[in-house]
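Some notes on the structure that comes next.
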Amino acid sequence: MNEMDENGNSSRSIPVGDPSDWRLVMVISRHGMEAYLRNVENPMSEVETMFRLSWEGDDDNLLSRIENAVYDHPQLLDDFAADIAIETNRVLWAPEAIVDGDDDPGEMIFKEVFAADDDDIMRDYADGCVCLYTLAPGLQSFLQRTFPGARIRCHQSVLVRRLGERTADMPRVYIDMRRNEADYIVMDGRRLLLAVTHDWHDKEDIRYHLFNILEVYGLDPKAVHVSLSGEREIRNELVQGLRREVAYVMMTL
32 MNEMDENGNS SRSIPVGDPS DWRLVMVISR HGMEAYLRNV ENPMSEVETM
82 FRLSWEGDDD NLLSRIENAV YDHPQLLDDF AADIAIETNR VLWAPEAIVD
132 GDDDPGEMIF KEVFAADDDD IMRDYADGCV CLYTLAPGLQ SFLQRTFPGA
182 RIRCHQSVLV RRLGERTADM PRVYIDMRRN EADYIVMDGR RLLLAVTHDW
232 HDKEDIRYHL FNILEVYGLD PKAVHVSLSG EREIRNELVQ GLRREVAYVM
282 MTL
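Counting with our numbering, you get residues 32 to 284 for the letters of the sequence shown.
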């Protein structure tokens, strides 16, 4: 049975039988958490929502909020294989050849941009690039202890892997919008040019960041493919306006 509180948070226990028939999928961000179960024995079955939580407040208590969310939902600790996506704007991409050089300067490079301890900086690899990221002090060690063997990925690297498999005759920009944040993934063929997250408060903010990115990378709006996903109302408004300025605009499938 679903339980929903006054903030719109919901949770429920899901009868699963054998945990090995299911895969746990979690998304963790500074705004909240979500958890789902996917039946790997029956891939066509509906994905089951375990809980959705949102919260407000400063980031100083973020790890405690995440820990409490896990312990308040003991089914998470069943013996599921797990994928965990970390949604964060504290991300830095660099060539693998540089980051994994003899001196392994990845953490040092990251700390030139973001404040973090070495143990809190996580790494993903995608097509010759390294995604360095962090969310909350102590989160990496907590997840490794609590979900041993889980595949932990930055949400940006998940997007890069999925979108990088697509091809087009022109450079393409993918914009994925959610509450007050938008991800911009820029590809030229299969080559990653940029992956970044920007805040937004109005659709003009999203548009501004798009054209700023095009200018910085020397991309002609009349020779670029832009794909939009996420916040439906804002997305629909942007599509109509951008079609007057950009060669090809569509919704991301």
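Ideal Cβ placement from N, Cα and C applies to all residues, glycine included.
For the options D89, N70 and V47, the alpha carbon positioned closest to that of G63 is the one of D89.
When C-alpha distances from M218 are compared across L194, R43 and Y239, the shortest belongs to L194. For the pair V78 and R54, the Cα-to-Cα distance works out to about 10 Å.
The DSSP-derived three-state label of T177 is helix. In this structure, the CA atom of P50 is about 13 Å from the CA atom of Y67. Within the DSSP bridge table, the entry for N70 names W53 as partners. Rounded to whole angstroms, the gap between the alpha carbons of E127 and Y156 is 8 Å.
A Cβ-Cβ distance of about 14 Å is found for the pair I206 and L250, leaving them out of contact under the 8 Å criterion. Straight-line measurement puts the Cα of I152 at about 15 Å from the Cα of S60. For D236, the enclosing alpha helix (DSSP H) starts and ends at K234 to V247. In the same chain as E262, and ignoring 5 residues on each side of it, the C-beta atoms closer than 7 Å to its own belong to M208 and R209, in chain order. Counting only runs of 4 or more residues that sit fully inside the segment 99-181, the alpha helix (DSSP H) segments are 127-130, 137-142 and 170-177, in chain order. With a beta-carbon spacing of about 5 Å, H256 and M201 fall inside the 8 Å limit used to define contacts. Assignment of beta-bridge partners to E212 by DSSP yields R209 and D230. Straight across, the Cα-Cα distance linking I140 with D148 is about 12 Å. R184 sits in a strand when the DSSP states are folded into three classes. Per the coordinates, the alpha-carbon of R184 lies some 14 Å from the alpha-carbon of S172.
Beta-bridge annotation (DSSP): L259 is paired with I206 and M282. Ranked by Cα distance from F82, the first of N70, I117 and V56 is V56. Taking all protein chains shown into account, H186 has 16 or more neighbouring C-beta atoms within 10 Å of its C-beta and is therefore buried. Straight through space, the alpha carbons of I244 and N120 are spaced by roughly 17 Å. Considering only E118, E143 and G159, the residue with the shortest C-alpha distance to L224 is G159.
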